[in-house]
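Asks: Supplied in structure tokens, the structure appears directly below.
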Amino acid sequence: MIKTLSSKLFILSQISKFICIFLLFVVTAFHLTSQELKYLDIKVIQGGKILAFAGAGGINNAQVSEGDINQDGILDLVIFDRTGNVITPFIYNPTSKIYEYAQSYKQYFPAVQDWLIMKDFDSDGIPDLFASSFNTQIVPGIEVYKGRYENGHIAFSIFQTFGTRNILYFPIGSGISQIPVDYSDVPAFDDIDHDGDMDILTFEPGSNQVTWFQNVVKERGFKKDTLAFIYRERCYGGFVESGLNSDIKLSNSKDSCASGFHSNNNKRHAGSTILSIDLDDDYDQDMIVGDLSSDKIIALYNGGSSQDAWMNRMDSHWNSEDKTFSMKLFPAAFAADIDHDGNRDILISPNIGSGDNINNLWYYRKIIGILGPHYQYIQNNLFADEMVDWGFGTHPVFVDYNQDGLQDIIVGTEGILTGGSQLKAGLILYENTGTILNPEYTLKDEDYLGFNSLSELNQLNYFAPSFGDIDGDGDLDMLVGTNEGSLIFCKNNAGPGNVFSFAKPIFDFQNISLASYISPQLIDLNRDGLLDIVIGTRVNNNQNGNACGSFFYFKNTGTKISPKFDPAGTTNCLGMALLDSYGSRVHACPFVVDFNNSFALFAGNIFGNIYLFSEIENNLDGKFKLVSSDFGKLREGENAHISIADIDNDHILEMVVGNRRGGISFYKTHYRTDGTIVSTKEIPQVNVPQITPNPVQNVLHIYHNYSDNINWKIYNLLGLPVLQNGANNTADEINVSSLPSGSYFIQINQNNQVSTYQFVKN
37 MIKTLSSKLF ILSQISKFIC IFLLFVVTAF HLTSQELKYL DIKVIQGGKI
87 LAFAGAGGIN NAQVSEGDIN QDGILDLVIF DRTGNVITPF IYNPTSKIYE
137 YAQSYKQYFP AVQDWLIMKD FDSDGIPDLF ASSFNTQIVP GIEVYKGRYE
187 NGHIAFSIFQ TFGTRNILYF PIGSGISQIP VDYSDVPAFD DIDHDGDMDI
237 LTFEPGSNQV TWFQNVVKER GFKKDTLAFI YRERCYGGFV ESGLNSDIKL
287 SNSKDSCASG FHSNNNKRHA GSTILSIDLD DDYDQDMIVG DLSSDKIIAL
337 YNGGSSQDAW MNRMDSHWNS EDKTFSMKLF PAAFAADIDH DGNRDILISP
387 NIGSGDNINN LWYYRKIIGI LGPHYQYIQN NLFADEMVDW GFGTHPVFVD
437 YNQDGLQDII VGTEGILTGG SQLKAGLILY ENTGTILNPE YTLKDEDYLG
487 FNSLSELNQL NYFAPSFGDI DGDGDLDMLV GTNEGSLIFC KNNAGPGNVF
537 SFAKPIFDFQ NISLASYISP QLIDLNRDGL LDIVIGTRVN NNQNGNACGS
587 FFYFKNTGTK ISPKFDPAGT TNCLGMALLD SYGSRVHACP FVVDFNNSFA
637 LFAGNIFGNI YLFSEIENNL DGKFKLVSSD FGKLREGENA HISIADIDND
687 HILEMVVGNR RGGISFYKTH YRTDGTIVST KEIPQVNVPQ ITPNPVQNVL
737 HIYHNYSDNI NWKIYNLLGL PVLQNGANNT ADEINVSSLP SGSYFIQINQ
787 NNQVSTYQFV KN
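In my numbering, the protein residues as written are 37 to 798.
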């Protein structure tokens with residue numbers, strides 16, 4: 037009896053131990069899949085130069101602010117991009133006098149939408165944030181985030197106000213009302229009256245005049261870390277804007293508001309931007325105004341005073357004294373001391389996503405001359421000229437196009453837009469010109485396979501490529517999704533091991549037609565030896581009128597050399613895997629990874645999240661398990677398009693991410709190639725030397741960082757040296773044909789770090 041009880045207790049203890057280990061594994065796995073991925077600053081070369089901010093993700097609708105975000109006492113820059121609501125931080129290095137992309141600082145900023153202005157409202161030397169509350173608190177107004185420093189970096193918390201929501205209010209009658217700002221506008225935050233506290237200028241919704249909300253903290257003796265506004269003036273500066281276009285009329289007197297527009301022309305159309313700045317250094321605030329219906333900006337000069345503004349002079353197409361600014365639609369101006377010379381320069385970018393999407397951050401440097409200040413045009417692609425930026429919607433794919441053993445990248449784009457209305461989509465080829473351990477990418481062809489012409493001739497403005505041997509001839513063919521919802525097929529005639537050589541494109545491949553903006557992947561999902569197609573589209577898929585999934589599955593019912601996909605036989609709710617959407621829009625982008633005969637589905641969506649699903653194997657008619665809805669906690673913005681591969685031969689997968697802004701970014705995942713999970717701390721450096729092939733017959737290759745010198749010795753099993761190189765030799769090929777067959781050890785010394793590997797000589 038005692039023995040039996042003891043045995044039962046032992047079994048129970050083992051079960052309990054197993055449960056604890058299992059739960060620990062589950063908790064650990066969940067933690068690791070939900071932690072942030074490591075950003076990779078991979079070298080990218082374009083036009084013969086190394087891009088300083090290659091992976092910063094591109095620029096579409098930049099809103100530029102300055103403030104010290106790393107607590108070194110020096111002003112840095114933060115770009116908020118309205119496209120995707122993305123923060124792009126830059127740290128200024130006073131030694132090198134250059135900006136450095138600070139991707140890790142993204143995590144310290146709150147999730148805001150539509151517009152963001154960084155200002156130090158309480159003069160404590162720490163920047164604060166002012167942002168739109170329309171899409172975050174569902175009311176047109178202003179929310180504030182108070183800045184502070186934590187461990188040498190910026191941090192923010194919501195600023196508590198006295199209303200029902202944490203937005204800015206002003207007293208009206210016996211109650212209060214929010215300071216109204218439309219989400220499409222950009223208001224001005226500045227010390228308008230030079231009294232030491234920050235005021236607000238904005239076009240109120242439905243008004244064609246600028247309202248001044250005065251901050252009365254100083255007048256009423258409040259603490260500096262408070263905000264108190266009153267409704268000071270409805271026709272600030274005396275000017276009015278047309279309700280039909282960007283025309284502005286000035287007042288003839290500083291004591292009156294301008295008139296002259298027709299009565300039915302007084303109601304303001306939606307969309308204006310304001311910058312308050314002293315353009316002529318006369319110690320009062322002038323203005324720069326942008327308008328939804330205009331391709332130019334207007335400068336208004338204050339002929340009154342800081343206390344009583346009167347805009348009595350106008351440059352209707354600024355900057356007429358140098359290079360006039362011109363952009364397709366709805367410009368917005370911002371001020372920052374870009375070159376750290378003590379003068380605030382002017383930056384201008386489109387304020388709407390349908391405007392110019394390259395060459396769209398104009399930089400005018402403030403110059404103090406004999407006749408006073410003027411603004412000198414410097415460039416129209418500030419920061420973006422150091423990024424991978426292809427306009428709208430990048431869809432990158434890892435693939436070895438030249439079959440040299442290194443993963444290259446082919447990027448499909450949604451298109452470049454400059455001045456016209458037709459997007460110019462295409463394919464871009466980046467060749468991996470690095471090594472198997474240290475990838476680097478060089479722009480090889482910015483119109484790969486002539487897809488720009490296909491875009492123009494066929495009214496296509498989106499290409500999403502995928503690759504696989506669909507016809508069983510040993511090389512990789514290409515299947516491309518389009519904005520029309522159809523597929524383009526390009527057969528590879530190169531043969532195994534040769535540089536890709538594609539035949540003419542075949543449109544409407546096998547009559548597959550889905551909702552618009554489709555992203556395909558070729559993958560043998562049912563493991564029958566034939567490549568199937570998994571597709572994500574612009575909208576979620578329906579079954580009986582209800583959203584049931586975000587992916588279509590087309591089973592290959594043909595043969596290895598003659599594929600067949602029946603559009604009528606598709607599964608439109610694959611795995612019941614449903615991604616979050618904006619209304620019906622989801623922009624699902626699938627990428628299935630095979631972890632040692634166990635599939636995992638990674639997918640990007642419209643919000644920029646990466647989803648991860650498991651339990652796919654033998655479950656194509658069932659429901660996949662959602663592992664994470666924010667894998668890696670990326671902050672790259674809308675329409676995340678992904679591809680995954682081990683590009684540095686460390687047996688841990690990397691991810692390239694495309695986005696709506698037209699850029700790409702690189703990350704190290706937590707997954708080994710066999711599907712096991714590693715923590716960020718366990719990820720090895722890519723510059724550890726490695727050898728291949730193993731076993732070897734004639735030539736053994738050493739892959740290493742070519743900027744470092746190495747020494748190597750080969751020993752037999754008795755520990756006796758049999759081959760070695762000379763000192764400071766960077767040779768990466770070793771002829772071992774003279775060695776007898778058997779096992780050997782190679783010892784590699786790189787920068788006094790020794791690595792030892794065993795290999796077999798056949």
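Beta carbons are placed, not taken as given, at the ideal position from N, Cα and C, and that holds for glycine.
From a predicted model like this one, the values you see are computed outputs, not experimental measurements.
Which residues in the same chain as Val-175 place their Cβ atom closer than 7 Å to its Cβ, once the five residues preceding and following it in sequence are excluded?
Replies: Sequence index remark: in the sequence shown, residue 175 carries index 139 (1-based). Excluding positions up to five away in sequence, the list reads Ser-169, Arg-201, Ile-203, Gln-214.
Asks: Thinking C-beta only, is Asn-393 closer than 7 Å to Phe-370?
Replies: Taking the sequence shown and counting its residues from 1, one reaches residue 370 at position 334. Taking the sequence shown and counting its residues from 1, one reaches residue 393 at position 357. No.
Asks: Output the distance between the C-alpha atoms of Thr-607 and Asn-528, rounded to the nearest integer angstrom.
Replies: To locate residue 607, count along the sequence shown from 1; it is residue 571. To locate residue 528, count along the sequence shown from 1; it is residue 492. Answer to the nearest angstrom: the Cα atoms are 28 Å apart.
Asks: Considering only C-alpha positions, which residue in the set Gln-71, Leu-567, Lys-661 is nearest to Leu-610?
Replies: In the sequence shown, residue 610 corresponds to position 574, counting from 1. Closest option to Leu-610, Cα to Cα, is Lys-661.
Asks: Run through the DSSP bridge pairs and tell me what Ser-312 is partnered with.
Replies: As a first step, residue 312 is located in the sequence shown; it is residue number 276 there, counting from the start. According to DSSP, which records beta bridges pairwise, Ser-312 is partnered with Met-323.
Asks: Tell me the residue span of the beta strand (DSSP E) that contains Phe-503.
Replies: Against the sequence shown, residue 503 aligns to sequence position 467. Here the beta strand (DSSP E) through Phe-503 covers 499-504.
Asks: Take Ser-779 and list the residues in its own chain whose beta-carbon comes closer than 7 Å to its own, dropping the five residues that flank it on each side.
Replies: On the sequence shown, residue 779 is found 743 positions in, with the first residue counted as 1. Contacts found: Leu-753, Gln-794, Val-796.
Asks: Tell me the DSSP secondary structure of Val-796 in three-state form.
Replies: In the sequence shown, the residue the question calls residue 796 occupies position 760. Reduced to three states, the DSSP call for Val-796 is strand.
Asks: Measuring only between beta-carbons, confirm whether Asn-529 sits less than 7 Å from chain C.
Replies: In the structure shown, chain C cannot be found, because there is only a single protein chain.
Asks: Please report the distance separating the alpha-carbon of Phe-499 from that of Gln-143.
Replies: The residue you call residue 499 lines up with position 463 of the sequence shown. The residue you call residue 143 lines up with position 107 of the sequence shown. Rounded to the nearest angstrom, the two C-alpha atoms are 31 Å apart.
Asks: Excluding the 5 residues preceding and the 5 following Leu-490 in the sequence, name in chain order all residues of the same chain whose CB lies nearer than 7 Å to its CB.
Replies: In the sequence shown, the residue the question calls residue 490 occupies position 454. Once the five neighbours on either side are set aside, the close Cβ partners of Leu-490 are Leu-496, Pro-541.
Asks: Ordered along the chain, which non-local residues of its own chain (more than five positions away) have a Cβ less than 7 Å from that of Glu-422?
Replies: As a working mapping, residue 422 is identified with position 386 in the sequence shown. Within the same chain, Glu-422 has close Cβ partners Leu-87, Ala-88, Phe-89.
Asks: I'd like the ranges of any beta strand (DSSP E) spanning at least 3 consecutive residues and lying wholly in the region 447-534.
Replies: Segments of the beta strand (DSSP E) lying fully in the region 447-534: 463-468, 477-481, 499-504, 513-518, 523-526.
Asks: Can you look up Asp-421 in the DSSP assignment and give me helix, strand or coil?
Replies: Sequence index remark: in the sequence shown, residue 421 carries index 385 (1-based). Asp-421: helix per DSSP, three-state reduction.
Asks: Comparing alpha-carbon positions, which option in Cys-584, Glu-690, Ser-390 lies nearest Phe-627?
Replies: Along the sequence shown, read from residue 1 onward, the residue named residue 627 stands at position 591. Closest option to Phe-627, Cα to Cα, is Glu-690.
Asks: Of all the beta strand (DSSP E) runs that stay within the bounds of the region 180-264, which reach a length of 3 or more residues?
Replies: List check, beta strand (DSSP E) in window: 189-194, 205-208, 211-214, 224-226, 235-239, 246-251.
Asks: To the nearest angstrom, report how far apart Asp-436 and Tyr-219 are at their CA atoms.
Replies: Along the sequence shown, read from residue 1 onward, the residue named residue 436 stands at position 400. Along the sequence shown, read from residue 1 onward, the residue named residue 219 stands at position 183. About 44 Å.
Asks: Is Ser-342 helix, strand or coil when you go by DSSP?
Replies: Translated into the one-based positions of the sequence shown, residue 342 becomes position 306. Note: Ser-342 maps to coil in three-state DSSP.
Asks: Does the region 440-449 come within contact of the region 87-107, defined as at least 3 CB pairs closer than 8 Å?
Replies: Contact fails: fewer than three Cβ-Cβ distances are below 8 Å.
Asks: Indicate, with yes or no, if the ligand PLP has a heavy atom lying under 6 Å from the CB of Asp-112.
Replies: Because no ligand of any kind appears in the structure shown, any question about the ligand PLP cannot be addressed here.
Asks: Would the region 371-381 count as touching the region 393-407 if we require 3 or more Cβ pairs under 8 Å?
Replies: Verdict: yes, contact present.
Asks: With DSSP run on the structure shown, which of helix, strand or coil describes Gln-412?
Replies: The residue given as residue 412 occupies position 376 in the sequence shown. Of the three classes helix, strand and coil, the one that applies to Gln-412 here is strand, per DSSP.
Asks: Would you be able to state if there are at least three C-beta pairs under 8 Å between the region 506-516 and the region 531-551?
Replies: As far as the Cβ criterion goes, the region 531-551 touches the region 506-516, which means the pair count is three or higher.
Asks: In whole angstroms, give me the CA-to-CA distance for Trp-248 and Pro-501.
Replies: On the sequence shown, residue 248 is found 212 positions in, with the first residue counted as 1. On the sequence shown, residue 501 is found 465 positions in, with the first residue counted as 1. Near 51 Å, if we compare the C-alpha coordinates of Pro-501 and Trp-248.
Asks: Could you check how far apart the C-beta atoms of Val-790 and Gln-783 are, in whole angstroms? I think they sit under 8 Å.
Replies: As a first step, residue 790 must be located in the sequence shown, where it is residue number 754. As a first step, residue 783 must be located in the sequence shown, where it is residue number 747. Contact holds; Cβ gap of about 6 Å.
Asks: Going by C-alpha to C-alpha distance, which of His-189, Ile-190, Asp-235 sits closest to Tyr-205?
Replies: Against the sequence shown, residue 205 aligns to sequence position 169. Here the closest residue by C-alpha is Asp-235.
Asks: Counting only the same chain and skipping the five closest in sequence on each side, list residues whose C-beta sits under 8 Å from that of Leu-614.
Replies: Counted from its first residue, the sequence shown places residue 614 at position 578. Contacts found: Asn-576, Ala-583, Cys-584, Gly-585, Ser-586.
Asks: Determine which residues share a DSSP beta bridge with Asp-381 and list them.
Replies: Within the sequence shown, residue 381 is the residue found at index 345, counting from 1. Answer is Ala-372.
Asks: What number of angstroms, rounded off, separates the C-alpha of Ser-552 from the C-alpha of His-431?
Replies: Position 516 of the sequence shown, counting from 1, holds the residue named residue 552. Position 395 of the sequence shown, counting from 1, holds the residue named residue 431. Answer to the nearest angstrom: the Cα atoms are 15 Å apart.
Asks: Which residues share a DSSP beta bridge with Cys-625?
Replies: Working through the sequence shown from its first residue, we reach residue 625 at position 589. Beta-bridge pairing links Cys-625 to Gly-640.
Asks: By the 10 Å Cβ neighbour count, where 16 or more other Cβ atoms means buried, how is Ala-390 classified, buried or exposed?
Replies: As a working note, residue 390 is residue 354 in the sequence shown. Looking at the sequence itself, residue 390 is Ser, so the reference to Ala does not match. Exposed, since its Cβ has fewer than 16 Cβ neighbours within 10 Å.
Asks: Roughly how many angstroms lie between the CA atoms of Asp-564 and Phe-166, to the nearest whole one?
Replies: Numbered from its first residue, the sequence shown carries residue 564 at position 528. Numbered from its first residue, the sequence shown carries residue 166 at position 130. So the alpha carbons of these two residues sit roughly 56 Å apart.
Asks: Considering just the uninterrupted stretch of the beta strand (DSSP E) at His-677, what are its terminal residues?
Replies: For the purposes of this step, residue 677 is identified with residue 641 of the sequence shown, where counting begins at 1. From DSSP, the beta strand (DSSP E) with His-677 extends over 677-681.
Asks: Taking 8 Å as the limit between beta carbons, can you name the residues of its chain near Leu-113, skipping five residues before and five after?
Replies: Counted from its first residue, the sequence shown places residue 113 at position 77. These residues qualify, in order along the chain: Val-100, Ser-101, Glu-102, Pro-125, Phe-126, Tyr-128, Tyr-135, Ala-372, Ile-374.
Asks: Where does Gln-579 fall in DSSP's three states?
Replies: By 1-based counting over the sequence shown, the position of residue 579 is 543. In the structure shown, Gln-579 sits in a strand (DSSP, three-state: E or B).
Asks: Closer than 6 Å by C-beta to Gly-594: which residues in its own chain qualify, once you throw out the five before and the five after it? Chain order, please.
Replies: Working through the sequence shown from its first residue, we reach residue 594 at position 558. Result list for Gly-594: Lys-600, in chain order.
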